[in-house]
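Participant:
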Amino acid sequence: MTLPAHLLNHARHEAEYLLREVGGARAVVVATVDGFDVAHARRHDLEASRMAAMASSIAALGQVVAYEAGLGAPRCMIVEAAEGYVIVRSVPRRDHPLVIQLLTDRTGLLGLALQQLSRSGQQLEAA
Amino acid sequence: MADHKIVFAGSPGAGKTTAIGAISDRPPIVTDVRNSDSSLKKDFTTVGMDYGELDLGDGERVRLFGTPGQARFDFLWSILATNALGLVILIDNSRADPLQDLGLYLDGFKHLLPEVACTVGIGRTESHPSPSLDEFGDFLAERGLICPVLPVDVRRRDDVLLIIDTVLAQAEARID
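Written as structure tokens, this is what we have:
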């Protein structure tokens, strides 16, 4: 996996931004669409490489479900669990498509998390 | 209609997606994305699952599930293999250590192997004859497993159907 340095820097910046700014954020991973960890930030001892692989699987499954349902390209996949949320957002760059995975507890607002994740996704798409 | 579930596992690039596409009666569902791993000589790779269906007639249908080959996706293997009747392990004989590859999937599916019919398909044997089919058989026997080992060209529908037949025949023998 080889990504340009400026994209790696942007990915690190956005991972740190989301961990800092999203209420209840536990971990953020930016990954390639085939499941490699590009950048991560975390408050807990989570295995970033495993999170990256899972993020790419969730994004790919979400994509195929959305297309099969005739809903077009998906932007976001949300897993609501008892203790929090897993949110995966696609970053459809033409050269290096990416995914962002955000793990939060329930202390923050889901809507705000989605908004901030959307902002980071757009930043990475334009980087 | 009686549904049977067969899971395809095996090395990245061995042709799991192609094999399912070769025999599926409907356009297969695929979750291929652009590959960024330079150690794999392919443009796209499966990161979620493949899905296809094969109608056997007489109200029997096989549902075909493909798994991602890379070990980083092993969390999906047991999920996709739940309630499977059979397991097909496809090995690419052109890779550096095909026997080690087989060992990875035997370990990854070790909880499933005592319960399901398993067939091992070896690809690219014409250009890469070593290890031989006998060596694969010996490798399985060392682990206490007896599974058919067949050469396969996953692009050929008949080759893949033969593997499915082999899995179903074993499953039938287990029931008997």
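Residue numbers (this note's numbering), protein chains in the order written: chain W, 1 to 127; chain C, 1001 to 1176. In this text, a Cβ means the ideal position worked out from N, Cα and C, and glycines have one as well. Since we're looking at a predicted model, the values are computed, not measured.
Can you tell me whether DSSP reads residue 83 (chain W) as helix, strand or coil?
Facilitator: In the first sequence, counting from the first residue as 1, residue 83 (chain W) sits at position 83. Three-state DSSP puts residue 83 (chain W) in coil, outside helix and strand.
Participant: Could you compute how far the alpha carbon of residue 1063 (chain C) sits from the alpha carbon of residue 1003 (chain C)?
Facilitator: Start at 1 with the first residue of the second sequence, and residue 1063 (chain C) comes out as number 63. Start at 1 with the first residue of the second sequence, and residue 1003 (chain C) comes out as number 3. Roughly 7 Å between the two C-alpha positions.
Participant: In chain C, which residues lie with their C-beta within 7 Å of the C-beta of residue 53 (chain W)?
Facilitator: Residue 53 (chain W) sits at position 53 when you count from the first residue of the first sequence. 1072, 1073, listed in chain order.
Participant: Anything in the region 68-101 of chain W with a Cβ closer than 9 Å to a Cβ of chain C? List those residues in chain order, please.
Facilitator: Those residues of the region 68-101 of chain W that come within reach of chain C (Cβ to Cβ, closer than 9 Å) are 68, 96, 97.
Participant: So, with DSSP's three-state summary, where would you put residue 73 (chain W)?
Facilitator: As a first step, residue 73 (chain W) must be located in the first sequence, where it is residue number 73. Residue 73 (chain W): coil per DSSP, three-state reduction.
Participant: Could you give the DSSP three-state label for residue 1038 (chain C): helix, strand or coil?
Facilitator: Residue mapping note: residue 1038 (chain C) aligns to position 38 of the second sequence, counting from 1. Reduced to three states, the DSSP call for residue 1038 (chain C) is coil.
Participant: Who are the neighbours of residue 1085 (chain C) on chain W, taking C-beta pairs under 8 Å?
Facilitator: Counted from its first residue, the second sequence places residue 1085 (chain C) at position 85. Chain W residues near residue 1085 (chain C): none, gap ~23 Å exceeds 8 Å.
Participant: For residue 1072 (chain C), which of helix, strand or coil comes out of DSSP?
Facilitator: Counted from its first residue, the second sequence places residue 1072 (chain C) at position 72. Helix at residue 1072 (chain C).
Participant: When the Cα of residue 1065 (chain C) is compared with those of C:1017, C:1096, C:1111, C:1100, which residue comes out closest?
Facilitator: Here residue 1065 (chain C) refers to the residue found at position 65 when the second sequence is read from its first residue. Measuring from the Cα of residue 1065 (chain C), the nearest candidate turns out to be C:1017.
Participant: Would you check if there are 3 or more beta carbon pairs closer than 8 Å linking the region 99-113 of chain W to the region 22-36 of chain W?
Facilitator: The region 99-113 of chain W vs the region 22-36 of chain W: in contact.
Participant: Counting along the chain, where does the alpha helix (DSSP H) carrying residue 941 (chain C) start and finish?
Facilitator: Because residue 941 (chain C) is not part of the residues shown, which for chain C are 1001 to 1176, the question remains open.
Participant: From the DSSP output, read off the bridge partner residues of residue 105 (chain W).
Facilitator: As a working note, residue 105 (chain W) is residue 105 in the first sequence. DSSP lists W:84 as partners of residue 105 (chain W).
Participant: Return the first residue and the last residue of the alpha helix (DSSP H) that residue 64 (chain W) is part of.
Facilitator: Residue mapping note: residue 64 (chain W) aligns to position 64 of the first sequence, counting from 1. Looking at the DSSP string, the run of the alpha helix (DSSP H) that includes residue 64 (chain W) is 48-68.
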